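Visitor: First the structure, then my questions, so here it is.
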Amino acid sequence: MRVFLAIEIDDYIKNKIDETQHIIRENNSANIKYVEKENIHLTIKFFGEINDKQIGNISEIVQSTVEKYEEYSLKVVNIGAFPNIYRPRVIWTAVKDKNVSMNLIKELDEKFNKIGFKKEKDYVPHITIGRVKDIADKDVLTNTLKSLKKEYYGKMKVEKICLKSSRLTPEGPIYENIREFKLGDKL
Numbered sequence: 051m052r053v054f055l056a057i058e059i060d061d062y063i064k065n066k067i068d069e070t071q072h073i074i075r076e077n078n079s080a081n082i083k084y085v086e087k088e089n090i091h092l093t094i095k096f097f098g099e100i101n102d103k104q105i106g107n108i109s110e111i112v113q114s115t116v117e118k119y120e121e122y123s124l125k126v127v128n129i130g131a132f133p134n135i136y137r138p139r140v141i142w143t144a145v146k147d148k149n150v151s152m153n154l155i156k157e158l159d160e161k162f163n164k165i166g167f168k169k170e171k172d173y174v175p176h177i178t179i180g181r182v183k184d185i186a187d188k189d190v191l192t193n194t195l196k197s198l199k200k201e202y203y204g205k206m207k208v209e210k211i212c213l214k215s216s217r218l219t220p221e222g223p224i225y226e227n228i229r230e231f232k233l234g235d236k237l
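Numbering (my numbering), first residue to last: 51 to 237.
If you want it as structure tokens, here you go:
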């Protein structure tokens, strides 16, 4: 089963991101595979194909780690692209907080590495909103992204993180929660 760990994004921010996707779609002819509104999330770690035993080990690590963290707020701001807005392959929104997400992600990544998962290199917290497949006019897309660079999508409370499965279908991925982990919850 394909599995990843994520922070779910609230509906208000998802709606704002959906509006941005429509603006990008209307203002250029690039072939972009947009993330469906219901699938918008902040990936903490993508594990790929793993088995039930690995899911159990991951769950133990996540539970013992998140119980040390309290709920916190994060802001979703700006438009960016990997590798950059002049050669966009992935279009994303940035995530800002008081380093809580990065501290949590780094701690989890260290622990996942000890059970055989590769450490993330240069992780940038972001929410993917689309993947660029082909660009007819790169300048038009770049200018559209520049015009959206200072967007503010909102502030949300992070109360839990979710272990999710991802099933790929011809219509797009289907995500389902395997387990939720509430921050500060000592079982």
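Glycine included, each C-beta is placed from N, C-alpha and C at the ideal position.
Note that this is a predicted model, so its numbers are computed, not measured.
Taking only the alpha-carbon atoms, compute the straight-line gap between Leu-213 and Lys-66 and give it to the nearest angstrom.
Guide: The count along the sequence shown starts at 1 and reaches residue 213 at position 163. The count along the sequence shown starts at 1 and reaches residue 66 at position 16. Using only the alpha carbons, I get a separation of about 25 Å.
Visitor: Going by other Cβ atoms of all chains shown within 10 Å of its Cβ, with 16 needed for buried, is Tyr-136 buried or exposed?
Guide: Within the sequence shown, the letter at position 86 stands for residue 136. Its Cβ having fewer than 16 others within 10 Å, Tyr-136 is exposed.
Visitor: Only counting runs of 3 or more residues, tell me where the beta strand (DSSP E) segments fall wholly within the region 76-120, in order along the chain.
Guide: 81-84, 91-99
Visitor: Mind reading off the beta-carbon distance from Ile-185 to Val-112? Whole number of angstroms is fine, and I expect it under 8 Å.
Guide: Here the question's residue 185 lines up with position 135 in the sequence shown. Here the question's residue 112 lines up with position 62 in the sequence shown. Approximately 38 Å separates the beta-carbon atoms of Ile-185 and Val-112; this is outside 8 Å, ruling out the contact.
Visitor: I'd like to check one pair, Thr-194 with Ile-74: are the Cβ atoms closer than 8 Å?
Guide: As a first step, residue 74 is located in the sequence shown; it is residue number 24 there, counting from the start. As a first step, residue 194 is located in the sequence shown; it is residue number 144 there, counting from the start. Going by C-beta atoms, Ile-74 is nearer than 8 Å to Thr-194.
Visitor: State the beta-bridge partners of Phe-231 as determined by DSSP.
Guide: As a first step, residue 231 must be located in the sequence shown, where it is residue number 181. For Phe-231, the pairing in a beta bridge is given by DSSP as Ile-211.
Visitor: Out of curiosity, what's the CA-to-CA distance linking Glu-58 and His-91?
Guide: Mapped onto the sequence shown, residue 58 falls at position 8. Mapped onto the sequence shown, residue 91 falls at position 41. Rounded to whole angstroms, Glu-58 to His-91 spans 5 Å at the Cα level.
Visitor: Could you spell out the range, first to last residue, of the alpha helix (DSSP H) harbouring Glu-58?
Guide: Stepping through the sequence shown from its first residue, residue 58 is reached at position 8. Note, Glu-58: premise wrong, no alpha helix (DSSP H); beta strand (DSSP E) at 52-58.
Visitor: Is Leu-218 helix, strand or coil by DSSP?
Guide: Position 168 of the sequence shown, counting from 1, holds the residue named residue 218. Leu-218: strand per DSSP, three-state reduction.
Visitor: Within 8 Å, do at least three Cβ pairs link the region 93-112 to the region 160-167?
Guide: In this structure the region 160-167 touches the region 93-112; the number of beta carbon pairs closer than 8 Å is three or more.
Visitor: Would you mind giving the Cβ-Cβ distance between Glu-76 and Asn-128, rounded to the nearest angstrom? I have them listed as a contact below 8 Å.
Guide: As a working mapping, residue 76 is identified with position 26 in the sequence shown. As a working mapping, residue 128 is identified with position 78 in the sequence shown. Their Cβ separation, rounded to whole angstroms, is 20 Å, which puts Glu-76 and Asn-128 out of contact at 8 Å.
Visitor: Please go through the same chain and pick out, in chain order, the residues whose beta-carbon is closer than 6 Å to the beta-carbon of Pro-138, but skip the five residues on each side of it.
Guide: As a working note, residue 138 is residue 88 in the sequence shown. So the list reads Ala-131, Val-182, once near-sequence residues are dropped.
Visitor: With H, G and I counted as helix, E and B as strand and the rest as coil, what does DSSP make of Val-140?
Guide: In the sequence shown, the residue the question calls residue 140 occupies position 90. Looking at Val-140 - three-state DSSP - the assignment turns out to be strand.
Visitor: How long is the line joining the alpha carbons of Ser-215 and Phe-54, rounded to whole angstroms?
Guide: Against the sequence shown, residue 215 aligns to sequence position 165. Against the sequence shown, residue 54 aligns to sequence position 4. Their backbone Cα atoms lie some 6 Å apart in a straight line.
Visitor: Closest to Ile-82 by CA distance: which of Glu-99, Ile-141, Asp-102 is it?
Guide: As a position in the sequence shown, residue 82 is number 32, starting the count at 1. Checking every option, the nearest Cα to that of Ile-82 belongs to Ile-141.
Visitor: Look up Tyr-173 in the DSSP assignment and say whether it is helix, strand or coil.
Guide: Counted from its first residue, the sequence shown places residue 173 at position 123. Tyr-173 falls in the coil class under three-state DSSP.
Visitor: Would you mind giving the Cβ-Cβ distance between Gly-204 and Glu-86, rounded to the nearest angstrom? I have them listed as a contact below 8 Å.
Guide: The residue labelled residue 204 in the question sits at position 154 within the sequence shown. The residue labelled residue 86 in the question sits at position 36 within the sequence shown. The Cβ separation is near 19 Å, so there is no contact.
Visitor: Going by the beta-carbon positions, is the gap between Asp-187 and Asn-78 smaller than 8 Å?
Guide: Here residue 187 refers to the residue found at position 137 of the sequence shown. Here residue 78 refers to the residue found at position 28 of the sequence shown. Taking 8 Å as the Cβ cut-off, Asp-187 and Asn-78 qualify as a contacting pair.
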